[in-house]
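Below is one structure; the comments refer to it alone.
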Amino acid sequence: MAPYIDERDSLLDLCCGVCNVTVYLKTASIDCVDVYSKYIEHLSKRNHFKDRKHSYIESDAIEFLNSAIRNNRTWDIVTCIDGVEHFPWEKSQELMAKMIEVSRKHVMVYTPDGYTLTTPHNTWGIEGGDEYQIHHCGIDSSWFIENGWKIIHSRNRINEFDKKPYTANCYLYSIR
């Protein structure tokens, strides 16, 4: 992801969880959005981004994007790391279309290639957010490629729930 990001960029991290990836990206500013209040509380306590302008926002990602679009708000980079699979298929498509709408440079999505099983498991040791961690869809890499995205990183993993191997990809959609 880093080669596509400049330290002067603004970044919107949707479905941020605890920002395990975006904390390492050097940007001028970052807005972290997640629907679950305990993830936002955890982030604010850790204060990862004290070296740059930042905000932690508790909101549904699609509702947040609808508001941003109404207010003509944009970011250079928009990310959704391990997030789109937590929406039903139609909502994941809506989310990605709106991400493209508010991005000035690039949209990056990291997600399993196809469906992977999840079960309630207190992600990051934070209780109560399991309803937001269930996978509701899987998107094959062919869909991304057919719709103008490119794969910029792939990682083979083992599913912690059913022990089956799978591939997760980081997809890039460039605006300009």
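When the letters of the sequence shown are read in order and numbered with our numbering, they come out as residues 1 to 176. Idealized CB from N, CA, C, for every residue including glycine. Source: prediction; values computed, not measured.
Other residues of its chain near residue i: CB distance less than 6 Å, five sequence neighbours each side excluded
i, result
"Asp-130", "Pro-120"
"Tyr-4", "His-106"
"Ser-92", "Val-84 and Cys-137"
"Thr-167", "Asp-113, Ser-154 and Asn-156"
"Ile-81", "Val-21 and Tyr-110"
Residue i classed as buried or exposed, judged by whether at least 16 other C-beta atoms fall within 10 angstroms
i, result
"Asp-31", "buried"
"Glu-51", "This sequence places Asp at residue 51; Glu is not what is there. Flag for Asp-51 reads exposed."
"Lys-98", "buried"
"Ile-158", "exposed"
"Phe-64", "buried"
"Gly-17", "buried"
"Ser-174", "exposed"
CB-CB length for residue i against residue j, believed under 8 Å
i, j, result
"Asp-76", "Asp-9", "4 Å"
"Asn-169", "Thr-111", "7 Å"
"Tyr-56", "Ile-40", "5 Å"
"Ile-62", "Glu-94", "6 Å"
Bridge partner(s) assigned by DSSP for residue i
i, result
"His-42", "Per DSSP, none; premise fails for His-42."
"Arg-70", "Per DSSP, none; premise fails for Arg-70."
"Ser-103", "Trp-75"
"Glu-58", "Asp-34"
"Asn-156", "Thr-167"
"Val-109", "Cys-80 and Tyr-171"
"Gly-114", "Ile-139"
"Ser-10", "Ser-29"
"Ile-151", "Tyr-171"
Chain B contact for residue i (CB, 8 Å cutoff)
i, result
"Ser-103", "Here there is only one protein chain, and chain B is not present."
Close-in-space but distant-in-sequence residues of the same chain around residue i (CB under 8 Å, 5 per side omitted)
i, result
"Pro-88", "His-136 and Cys-137"
"Lys-38", "Ile-126, Glu-127, Gly-128 and Gly-129"
Close beta carbons around residue i, own chain, < 7 Å, minus the five adjacent residues each side
i, result
"Trp-48", "Reading off the sequence, residue 48 comes out as His, not Trp. Excluding sequence neighbours, His-48 sits near Cys-19 and Val-23."
"Ser-59", "Val-33 and Val-35"
### Message
Could you check whether the segment 11 to 23 touches the segment 64 to 80, counting it as contact only if at least three pairs of C-beta atoms, one from each stretch, sit closer than 8 Å?
### Response
Contact between the segment 11 to 23 and the segment 64 to 80 is present: three or more C-beta pairs spanning the two stretches fall below 8 Å.
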